[in-house]
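Taking it in order: structure first as C-alpha coordinates, then the write-up.
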Amino acid sequence: MLRQLISIIISGLLVSSVIAQDEPGELVRARSSYQSQLKTAMQSCKQKVEGLDKIQSPEEKTKELNKLKVSYQQQLEFIAKSYLSKLDSMKKLPSFNRNQANAIRNEISSFEKPDPSVLPGTTPEKPAAKNTDDKTGKNEGAPKNVTPAVDEGEELDEDEIPGLKPVDGKNSETDVAGVQATTLEDAKAKNHEEIKKFNLSELKGDWIKERREFAAKRPRPENYIFTQAAFNSYVATIPEDKRELEEKRFKQLGGIKDYMCRLMERNTYPKPVSLKGGSRSSGIMVNPNYIAAKSGSRYKRLGWDSLPVNEAANILAHFAAMRLKITNVPGVSKDELKRMAAEDYLRIGMLCDWYEEYDDAVKYAKKAVEADPKIEEIVKKYMMQ
(Lines of atoms letter the chains of each structure in order from A; the text may use other names.)
(Lines give C-alpha, C1' and ligand atoms only; values in the text may rest on other atoms or scores of the structure.)
Protein backbone atom coordinates (compact mmCIF):
# COMPACT_ATOMS: atom_id res chain seq x y z
CA MET A 62 0.00 0.00 0.00
CA LEU A 63 2.79 2.37 0.94
CA ARG A 64 4.63 1.53 -2.28
CA GLN A 65 1.49 2.25 -4.30
CA LEU A 66 1.04 5.59 -2.54
CA ILE A 67 4.65 6.57 -3.19
CA SER A 68 4.27 5.51 -6.82
CA ILE A 69 1.15 7.68 -7.21
CA ILE A 70 2.89 10.70 -5.67
CA ILE A 71 5.94 10.30 -7.91
CA SER A 72 3.71 9.90 -10.97
CA GLY A 73 1.84 13.05 -10.03
CA LEU A 74 5.06 14.98 -9.66
CA LEU A 75 6.25 13.80 -13.06
CA VAL A 76 2.96 14.81 -14.68
CA SER A 77 3.11 18.23 -13.00
CA SER A 78 6.66 18.65 -14.25
CA VAL A 79 5.64 17.85 -17.81
CA ILE A 80 2.65 20.22 -17.65
CA ALA A 81 4.84 23.01 -16.27
CA GLN A 82 7.13 22.55 -19.27
CA ASP A 83 4.24 22.80 -21.75
CA GLU A 84 4.40 26.57 -21.67
CA PRO A 85 7.76 27.75 -23.02
CA GLY A 86 9.52 30.51 -21.12
CA GLU A 87 9.29 32.74 -24.18
CA LEU A 88 5.49 32.59 -24.00
CA VAL A 89 5.39 33.37 -20.28
CA ARG A 90 7.71 36.37 -20.75
CA ALA A 91 5.79 37.65 -23.77
CA ARG A 92 2.50 37.39 -21.87
CA SER A 93 3.97 39.17 -18.86
CA SER A 94 5.27 41.97 -21.07
CA TYR A 95 1.88 42.28 -22.78
CA GLN A 96 0.06 42.52 -19.46
CA SER A 97 2.51 45.11 -18.16
CA GLN A 98 2.00 47.25 -21.25
CA LEU A 99 -1.77 47.10 -20.80
CA LYS A 100 -1.50 48.07 -17.16
CA THR A 101 0.85 50.94 -17.91
CA ALA A 102 -1.51 52.23 -20.61
CA MET A 103 -4.45 52.08 -18.19
CA GLN A 104 -2.58 53.89 -15.44
CA SER A 105 -1.34 56.59 -17.81
CA CYS A 106 -4.82 57.12 -19.24
CA LYS A 107 -6.34 57.32 -15.77
CA GLN A 108 -3.88 60.06 -14.77
CA LYS A 109 -4.75 62.03 -17.90
CA VAL A 110 -8.49 61.66 -17.21
CA GLU A 111 -7.96 63.00 -13.70
CA GLY A 112 -6.06 65.95 -15.14
CA LEU A 113 -9.09 66.93 -17.25
CA ASP A 114 -10.96 67.97 -14.10
CA LYS A 115 -8.97 71.20 -14.06
CA ILE A 116 -10.37 72.31 -17.44
CA GLN A 117 -13.05 74.93 -16.79
CA SER A 118 -14.80 74.92 -20.17
CA PRO A 119 -17.18 71.93 -20.65
CA GLU A 120 -16.70 72.13 -24.42
CA GLU A 121 -12.92 72.08 -24.10
CA LYS A 122 -13.09 69.23 -21.59
CA THR A 123 -15.27 67.16 -23.94
CA LYS A 124 -12.90 67.86 -26.80
CA GLU A 125 -9.87 66.72 -24.81
CA LEU A 126 -11.74 63.66 -23.52
CA ASN A 127 -12.59 62.61 -27.09
CA LYS A 128 -8.95 63.00 -28.09
CA LEU A 129 -7.93 60.88 -25.14
CA LYS A 130 -10.43 58.17 -26.11
CA VAL A 131 -8.98 57.95 -29.61
CA SER A 132 -5.42 57.89 -28.30
CA TYR A 133 -6.23 55.19 -25.73
CA GLN A 134 -8.00 53.05 -28.32
CA GLN A 135 -5.04 53.32 -30.71
CA GLN A 136 -2.62 52.42 -27.93
CA LEU A 137 -4.55 49.30 -26.89
CA GLU A 138 -4.86 48.19 -30.51
CA PHE A 139 -1.13 48.69 -30.96
CA ILE A 140 -0.27 46.66 -27.83
CA ALA A 141 -2.64 43.81 -28.77
CA LYS A 142 -1.39 43.70 -32.35
CA SER A 143 2.21 43.60 -31.15
CA TYR A 144 1.49 40.69 -28.81
CA LEU A 145 -0.30 38.65 -31.47
CA SER A 146 2.51 39.33 -33.92
CA LYS A 147 5.01 38.08 -31.35
CA LEU A 148 2.97 34.92 -30.78
CA ASP A 149 2.65 34.32 -34.51
CA SER A 150 6.42 34.56 -34.92
CA MET A 151 6.93 32.33 -31.89
CA LYS A 152 4.74 29.47 -33.14
CA LYS A 153 6.89 29.17 -36.28
CA LEU A 154 10.07 28.46 -34.32
CA PRO A 155 11.24 24.82 -34.69
CA SER A 156 12.79 24.65 -31.21
CA PHE A 157 9.53 23.98 -29.34
CA ASN A 158 8.17 20.49 -28.66
CA ARG A 159 4.62 19.53 -29.57
CA ASN A 160 3.10 20.49 -26.22
CA GLN A 161 4.84 23.86 -26.20
CA ALA A 162 3.70 24.60 -29.76
CA ASN A 163 0.13 23.70 -28.75
CA ALA A 164 0.37 26.04 -25.76
CA ILE A 165 1.28 28.91 -28.09
CA ARG A 166 -1.57 28.08 -30.48
CA ASN A 167 -4.00 27.91 -27.56
CA GLU A 168 -2.81 31.33 -26.39
CA ILE A 169 -3.59 32.74 -29.83
CA SER A 170 -6.99 31.06 -30.16
CA SER A 171 -8.12 32.14 -26.67
CA PHE A 172 -6.81 35.69 -26.98
CA GLU A 173 -9.31 38.43 -26.11
CA LYS A 174 -8.66 41.96 -27.26
CA PRO A 175 -8.63 44.58 -24.49
CA ASP A 176 -11.76 46.70 -24.27
CA PRO A 177 -11.03 50.39 -25.05
CA SER A 178 -14.67 51.51 -24.80
CA VAL A 179 -14.41 52.65 -21.17
CA LEU A 180 -11.61 55.01 -20.20
CA PRO A 181 -9.91 54.21 -16.88
CA GLY A 182 -10.93 56.82 -14.35
CA THR A 183 -14.32 57.59 -15.93
CA THR A 184 -16.17 54.52 -14.59
CA PRO A 185 -15.03 51.41 -12.69
CA GLU A 186 -12.29 49.76 -14.73
CA LYS A 187 -12.97 46.58 -16.63
CA PRO A 188 -10.29 43.88 -16.59
CA ALA A 189 -8.31 43.64 -19.80
CA ALA A 190 -8.56 39.84 -19.79
CA LYS A 191 -9.64 36.85 -17.70
CA ASN A 192 -8.27 36.06 -14.25
CA THR A 193 -6.99 32.51 -14.08
CA ASP A 194 -3.57 31.16 -13.22
CA ASP A 195 -1.66 33.34 -10.77
CA LYS A 196 1.50 31.26 -11.07
CA THR A 197 1.95 31.61 -14.81
CA GLY A 198 0.30 35.00 -15.02
CA LYS A 199 -1.97 33.75 -17.79
CA ASN A 200 -4.69 36.20 -18.75
CA GLU A 201 -4.55 38.14 -15.52
CA GLY A 202 -6.52 41.30 -15.06
CA ALA A 203 -4.73 44.54 -14.33
CA PRO A 204 -3.39 44.93 -10.81
CA LYS A 205 -3.01 48.39 -9.39
CA ASN A 206 0.75 48.73 -9.08
CA VAL A 207 2.86 47.65 -12.02
CA THR A 208 6.30 48.46 -13.34
CA PRO A 209 6.56 48.20 -17.14
CA ALA A 210 8.53 45.15 -18.27
CA VAL A 211 11.55 46.33 -20.22
CA ASP A 212 14.36 43.90 -20.93
CA GLU A 213 17.17 46.44 -20.76
CA GLY A 214 19.90 45.82 -23.31
CA GLU A 215 18.13 42.95 -25.09
CA GLU A 216 19.25 42.82 -28.72
CA LEU A 217 16.64 42.02 -31.35
CA ASP A 218 16.29 41.82 -35.10
CA GLU A 219 13.74 44.04 -36.85
CA ASP A 220 11.29 41.17 -37.22
CA GLU A 221 11.55 40.42 -33.50
CA ILE A 222 10.14 43.81 -32.54
CA PRO A 223 6.40 43.42 -33.19
CA GLY A 224 4.41 46.56 -33.83
CA LEU A 225 7.41 48.85 -34.24
CA LYS A 226 8.11 50.23 -37.67
CA PRO A 227 11.69 49.86 -38.95
CA VAL A 228 13.47 53.05 -39.94
CA ASP A 229 13.06 53.35 -43.70
CA GLY A 230 12.79 57.10 -44.21
CA LYS A 231 9.31 56.87 -45.75
CA ASN A 232 7.20 59.49 -44.06
CA SER A 233 3.59 60.25 -44.90
CA GLU A 234 2.50 63.89 -44.97
CA THR A 235 -1.07 62.85 -44.26
CA ASP A 236 -0.02 60.85 -41.19
CA VAL A 237 2.04 63.71 -39.77
CA ALA A 238 -0.68 66.28 -40.40
CA GLY A 239 -3.26 64.05 -38.72
CA VAL A 240 -1.41 63.70 -35.41
CA GLN A 241 -2.24 66.48 -32.97
CA ALA A 242 -0.94 67.22 -29.50
CA THR A 243 -2.81 68.42 -26.43
CA THR A 244 -4.54 71.73 -27.15
CA LEU A 245 -2.20 74.61 -26.37
CA GLU A 246 -4.14 76.99 -24.15
CA ASP A 247 -3.41 80.70 -24.26
CA ALA A 248 -1.70 81.66 -21.03
CA LYS A 249 -2.84 84.56 -18.89
CA ALA A 250 -0.07 87.09 -18.40
CA LYS A 251 0.39 88.41 -14.88
CA ASN A 252 2.45 91.31 -16.18
CA HIS A 253 0.95 91.77 -19.63
CA GLU A 254 2.16 95.31 -20.25
CA GLU A 255 5.70 94.42 -19.25
CA ILE A 256 5.72 91.37 -21.53
CA LYS A 257 4.53 93.44 -24.50
CA LYS A 258 7.67 95.53 -24.17
CA PHE A 259 9.98 92.52 -24.52
CA ASN A 260 11.62 91.75 -27.84
CA LEU A 261 11.89 88.02 -28.41
CA SER A 262 15.17 88.50 -30.27
CA GLU A 263 16.70 89.58 -26.94
CA LEU A 264 15.65 86.39 -25.17
CA LYS A 265 18.67 84.47 -23.85
CA GLY A 266 19.20 81.27 -21.87
CA ASP A 267 20.54 83.16 -18.86
CA TRP A 268 17.50 85.46 -18.97
CA ILE A 269 15.18 82.47 -18.55
CA LYS A 270 17.40 80.85 -15.93
CA GLU A 271 17.23 83.92 -13.68
CA ARG A 272 13.44 83.75 -13.77
CA ARG A 273 13.25 80.03 -12.95
CA GLU A 274 14.60 80.15 -9.41
CA PHE A 275 11.09 79.31 -8.18
CA ALA A 276 11.12 76.12 -10.30
CA ALA A 277 14.15 74.38 -8.78
CA LYS A 278 11.99 71.47 -7.55
CA ARG A 279 10.17 70.81 -10.80
CA PRO A 280 9.66 67.04 -11.22
CA ARG A 281 11.91 66.07 -14.14
CA PRO A 282 11.39 62.34 -14.77
CA GLU A 283 14.10 60.84 -16.96
CA ASN A 284 11.56 58.47 -18.54
CA TYR A 285 9.13 61.33 -19.36
CA ILE A 286 6.34 59.84 -17.23
CA PHE A 287 4.86 62.91 -15.57
CA THR A 288 2.60 62.04 -12.64
CA GLN A 289 -0.06 64.28 -11.17
CA ALA A 290 1.02 63.35 -7.64
CA ALA A 291 4.59 64.55 -8.22
CA PHE A 292 3.34 67.78 -9.75
CA ASN A 293 0.90 68.43 -6.91
CA SER A 294 3.70 68.06 -4.37
CA TYR A 295 5.87 70.46 -6.34
CA VAL A 296 3.28 73.11 -7.18
CA ALA A 297 2.38 73.49 -3.50
CA THR A 298 5.91 74.80 -2.88
CA ILE A 299 5.91 77.64 -5.43
CA PRO A 300 4.41 81.15 -5.27
CA GLU A 301 0.68 81.20 -5.94
CA ASP A 302 1.02 83.57 -8.88
CA LYS A 303 3.21 80.99 -10.68
CA ARG A 304 0.91 78.01 -10.28
CA GLU A 305 -1.61 78.51 -13.07
CA LEU A 306 1.02 78.82 -15.78
CA GLU A 307 3.01 75.89 -14.37
CA GLU A 308 -0.13 73.75 -14.57
CA LYS A 309 -0.50 74.64 -18.24
CA ARG A 310 3.15 73.80 -18.91
CA PHE A 311 2.76 70.52 -17.03
CA LYS A 312 -0.30 69.61 -19.09
CA GLN A 313 1.70 69.99 -22.30
CA LEU A 314 4.68 68.02 -21.04
CA GLY A 315 2.50 65.24 -19.64
CA GLY A 316 1.49 64.33 -23.19
CA ILE A 317 4.92 64.69 -24.81
CA LYS A 318 5.86 61.00 -24.84
CA ASP A 319 2.46 59.87 -26.09
CA TYR A 320 2.62 62.54 -28.80
CA MET A 321 6.05 61.35 -29.93
CA CYS A 322 4.83 57.75 -30.07
CA ARG A 323 1.86 58.70 -32.22
CA LEU A 324 4.08 60.70 -34.56
CA MET A 325 6.47 57.78 -34.96
CA GLU A 326 3.87 55.03 -35.14
CA ARG A 327 3.64 55.40 -38.92
CA ASN A 328 6.46 57.82 -39.59
CA THR A 329 10.18 57.40 -39.14
CA TYR A 330 12.96 59.50 -37.70
CA PRO A 331 15.80 58.96 -40.19
CA LYS A 332 18.64 60.57 -38.24
CA PRO A 333 21.30 59.25 -35.82
CA VAL A 334 20.54 59.57 -32.11
CA SER A 335 23.02 60.06 -29.26
CA LEU A 336 21.92 58.16 -26.16
CA LYS A 337 22.81 58.62 -22.52
CA GLY A 338 26.06 56.90 -21.67
CA GLY A 339 27.72 58.06 -24.87
CA SER A 340 26.46 55.42 -27.31
CA ARG A 341 25.12 56.46 -30.70
CA SER A 342 22.30 54.83 -32.62
CA SER A 343 21.81 54.93 -36.38
CA GLY A 344 18.03 54.88 -35.95
CA ILE A 345 15.32 54.65 -33.34
CA MET A 346 11.83 53.23 -32.90
CA VAL A 347 9.56 53.90 -29.93
CA ASN A 348 6.42 52.74 -28.18
CA PRO A 349 4.97 53.93 -24.86
CA ASN A 350 7.00 51.40 -22.85
CA TYR A 351 10.48 51.39 -24.38
CA ILE A 352 12.69 52.59 -27.21
CA ALA A 353 14.60 50.40 -29.67
CA ALA A 354 17.96 51.85 -30.73
CA LYS A 355 19.50 50.57 -33.96
CA SER A 356 23.13 49.48 -34.16
CA GLY A 357 24.19 47.79 -37.37
CA SER A 358 21.43 45.41 -38.40
CA ARG A 359 20.05 44.89 -34.89
CA TYR A 360 18.11 46.85 -32.30
CA LYS A 361 18.76 47.18 -28.57
CA ARG A 362 15.73 47.58 -26.35
CA LEU A 363 16.21 50.38 -23.82
CA GLY A 364 14.13 52.35 -21.34
CA TRP A 365 12.91 55.82 -22.19
CA ASP A 366 15.38 57.17 -19.65
CA SER A 367 18.11 56.39 -22.20
CA LEU A 368 16.83 59.19 -24.46
CA PRO A 369 18.30 62.61 -23.56
CA VAL A 370 16.07 65.66 -23.56
CA ASN A 371 17.94 67.27 -26.44
CA GLU A 372 17.36 64.20 -28.62
CA ALA A 373 13.68 64.08 -27.70
CA ALA A 374 13.57 67.73 -28.76
CA ASN A 375 15.36 66.92 -32.03
CA ILE A 376 12.82 64.22 -32.87
CA LEU A 377 9.84 66.47 -32.17
CA ALA A 378 11.46 69.31 -34.11
CA HIS A 379 11.94 67.01 -37.11
CA PHE A 380 8.19 66.49 -37.36
CA ALA A 381 7.46 70.17 -36.74
CA ALA A 382 9.69 70.97 -39.71
CA MET A 383 7.81 68.36 -41.76
CA ARG A 384 4.55 70.19 -41.10
CA LEU A 385 6.02 73.37 -42.55
CA LYS A 386 7.02 71.53 -45.74
CA ILE A 387 3.63 69.92 -46.31
CA THR A 388 1.90 71.50 -49.28
CA ASN A 389 -1.41 69.72 -49.69
CA VAL A 390 -3.29 67.61 -47.16
CA PRO A 391 -7.08 67.26 -47.47
CA GLY A 392 -8.94 69.01 -44.68
CA VAL A 393 -5.93 70.87 -43.28
CA SER A 394 -5.07 74.35 -44.52
CA LYS A 395 -1.56 75.71 -44.90
CA ASP A 396 -2.24 78.24 -42.13
CA GLU A 397 -3.36 75.45 -39.80
CA LEU A 398 -0.17 73.51 -40.51
CA LYS A 399 1.93 76.60 -39.78
CA ARG A 400 0.13 77.10 -36.50
CA MET A 401 0.53 73.43 -35.55
CA ALA A 402 4.25 73.59 -36.32
CA ALA A 403 4.61 76.78 -34.29
CA GLU A 404 2.84 75.21 -31.32
CA ASP A 405 5.09 72.16 -31.67
CA TYR A 406 8.19 74.35 -31.47
CA LEU A 407 6.81 76.19 -28.45
CA ARG A 408 6.00 72.87 -26.79
CA ILE A 409 9.60 71.75 -27.38
CA GLY A 410 10.78 75.04 -25.92
CA MET A 411 8.73 74.36 -22.79
CA LEU A 412 10.23 70.87 -22.55
CA CYS A 413 13.77 72.27 -22.69
CA ASP A 414 12.85 75.04 -20.23
CA TRP A 415 11.42 72.47 -17.79
CA TYR A 416 14.57 70.34 -17.94
CA GLU A 417 16.88 73.36 -17.55
CA GLU A 418 18.15 73.29 -21.14
CA TYR A 419 17.66 77.04 -21.39
CA ASP A 420 19.67 77.77 -24.54
CA ASP A 421 17.66 75.16 -26.45
CA ALA A 422 14.47 76.58 -24.96
CA VAL A 423 15.33 79.94 -26.50
CA LYS A 424 16.15 78.34 -29.86
CA TYR A 425 12.79 76.60 -30.14
CA ALA A 426 10.83 79.57 -28.82
CA LYS A 427 12.24 81.64 -31.67
CA LYS A 428 11.54 78.87 -34.18
CA ALA A 429 7.91 78.96 -33.06
CA VAL A 430 7.59 82.62 -34.01
CA GLU A 431 9.47 82.05 -37.27
CA ALA A 432 6.96 79.34 -38.16
CA ASP A 433 3.95 81.54 -37.37
CA PRO A 434 4.48 85.15 -36.21
CA LYS A 435 0.91 85.22 -34.89
CA ILE A 436 1.99 83.07 -31.95
CA GLU A 437 4.54 85.57 -30.61
CA GLU A 438 2.40 86.87 -27.74
CA ILE A 439 1.69 83.33 -26.54
CA VAL A 440 5.38 82.45 -26.76
CA LYS A 441 6.24 85.46 -24.62
CA LYS A 442 3.66 84.48 -22.01
CA TYR A 443 4.99 80.94 -21.64
CA MET A 444 8.69 81.73 -21.92
CA MET A 445 8.98 85.18 -20.33
CA GLN A 446 7.06 84.82 -17.07
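Residue numbers for the sequence shown follow the working numbering, so the first one is 62 and each next one is one higher.
Beta carbons are placed, not taken as given, at the ideal position from N, Cα and C, and that holds for glycine.
Expected contact under 8 Å - CB spacing of residue i and residue j to nearest Å
{"i": "Val237", "j": "Ile387", "result": "7 Å"}
{"i": "Leu245", "j": "Gln313", "result": "7 Å"}
{"i": "Phe275", "j": "Phe292", "result": "The pair is not a contact, with the Cβ atoms about 14 Å apart (cut-off 8 Å)."}
{"i": "Ile299", "j": "Met445", "result": "So it is not a contact: roughly 17 Å between Cβ atoms."}
{"i": "Pro349", "j": "Ala102", "result": "7 Å"}
{"i": "Leu377", "j": "Met321", "result": "6 Å"}
{"i": "Leu154", "j": "Cys106", "result": "No, Leu154 and Cys106 are not in contact; Cβ-Cβ is about 34 Å, not under 8 Å."}
{"i": "Ala354", "j": "Val334", "result": "7 Å"}
{"i": "Leu261", "j": "Glu397", "result": "Contact flag wrong, Cβ pair sits at about 23 Å."}
{"i": "Ile165", "j": "Lys152", "result": "5 Å"}
Own chain partners of residue i with C-beta closer than 6 Å, once the 5 adjacent residues on each side are dropped
{"i": "Leu407", "result": "Ala429, Val440"}
{"i": "Lys337", "result": "Ser367, Pro369"}
{"i": "Lys109", "result": "Leu129"}
{"i": "Val240", "result": "Arg323, Leu324"}
{"i": "Lys178", "result": "Inspection of the sequence shows that residue 178 is occupied by Ser rather than by Lys. If we look at Ser178 and ignore the five residues flanking it on each side, it has no Cβ neighbours."}
Residues of its chain near residue i, where Cβ-Cβ distance is below 7 Å and the 5 sequence neighbours each way are ignored
{"i": "Val416", "result": "First, the amino acid is wrong: residue 416 is Tyr here, not Val. So the list reads Arg281, Val370, once near-sequence residues are dropped."}
{"i": "Thr197", "result": "Caution applies to Thr197, whose pLDDT of 36 falls short of 50 and renders its modelled position unreliable; the model cannot decide the point."}
{"i": "Ala432", "result": "Leu385, Lys399, Ala402, Ala403, Tyr406"}
{"i": "Lys265", "result": "Val423"}
{"i": "Lys435", "result": "none"}
{"i": "Glu111", "result": "Gly182, Gln289"}
{"i": "Ser464", "result": "Nothing about residue 464 can be read from this structure; the chain reaches only from 62 to 446."}
{"i": "Glu418", "result": "Val370, Asn371"}
Closest Cα partner of residue i within the set the options
{"i": "Ser150", "options": "Leu137, Thr183, Glu87", "result": "Glu87"}
{"i": "Ala297", "options": "Lys124, Glu138, Arg279", "result": "Arg279"}
{"i": "Gln96", "options": "Ser118, Leu145, Gln117, Ile116", "result": "Leu145"}
{"i": "Ala382", "options": "Lys399, Ala277, Pro434, Asp420", "result": "Lys399"}
{"i": "Thr243", "options": "Asp267, Thr123, Leu261", "result": "Thr123"}
{"i": "Glu263", "options": "Lys424, Asn160, Lys100, Leu126", "result": "Lys424"}
{"i": "Ser342", "options": "Arg327, Asn328, Arg362", "result": "Arg362"}
{"i": "Leu148", "options": "Asp302, Trp365, Phe172, Glu138", "result": "Phe172"}
{"i": "Lys318", "options": "Glu111, Glu121, Ser132", "result": "Ser132"}
{"i": "Arg273", "options": "Arg159, Asp414, Asp420", "result": "Asp414"}
{"i": "Tyr443", "options": "Trp268, Gln98, Glu307", "result": "Glu307"}
{"i": "Lys332", "options": "Gln136, Ile345, Gly316", "result": "Ile345"}
{"i": "Glu138", "options": "Arg359, Asn389, Glu326, His379", "result": "Glu326"}
{"i": "Lys305", "options": "Lys115, Arg92, Gln136, Lys395", "result": "First, the amino acid is wrong: residue 305 is Glu here, not Lys. Selected option, being the one with the closest Cα: Lys115."}
For residue i: DSSP bridge partner residues
{"i": "Val390", "result": "Val393"}
8 Å CB neighbourhood of residue i in its chain, flanking five on each side removed
{"i": "Phe259", "result": "Lys441, Met445"}
{"i": "Leu113", "result": "Lys122, Glu125, Leu126, Leu129"}
{"i": "Ala373", "result": "Tyr285, Ile317, Met321, Leu412"}
If you scan the region 249-295 from start to end, which runs of the alpha helix (DSSP H) of 4 or more residues do you find wholly inside it?
Within the region 249-295, the complete alpha helix (DSSP H) runs of at least 4 residues are 253-258, 266-271.
Entirely within the region 324-384 and at least 3 residues each: give me those beta strand (DSSP E) ranges in chain order.
Fully enclosed beta strand (DSSP E) runs of no fewer than 3 residues occupy 344-347, 352-356, 359-363 of the region 324-384, in order along the chain.
Considering only residues of the region 107-178, which uninterrupted alpha helix (DSSP H) runs meet the minimum length of 4 residues and lie entirely inside it, listed in chain order?
Counting whole runs of 4 or more residues, the region 107-178 contains the alpha helix (DSSP H) stretches 119-152, 159-170.
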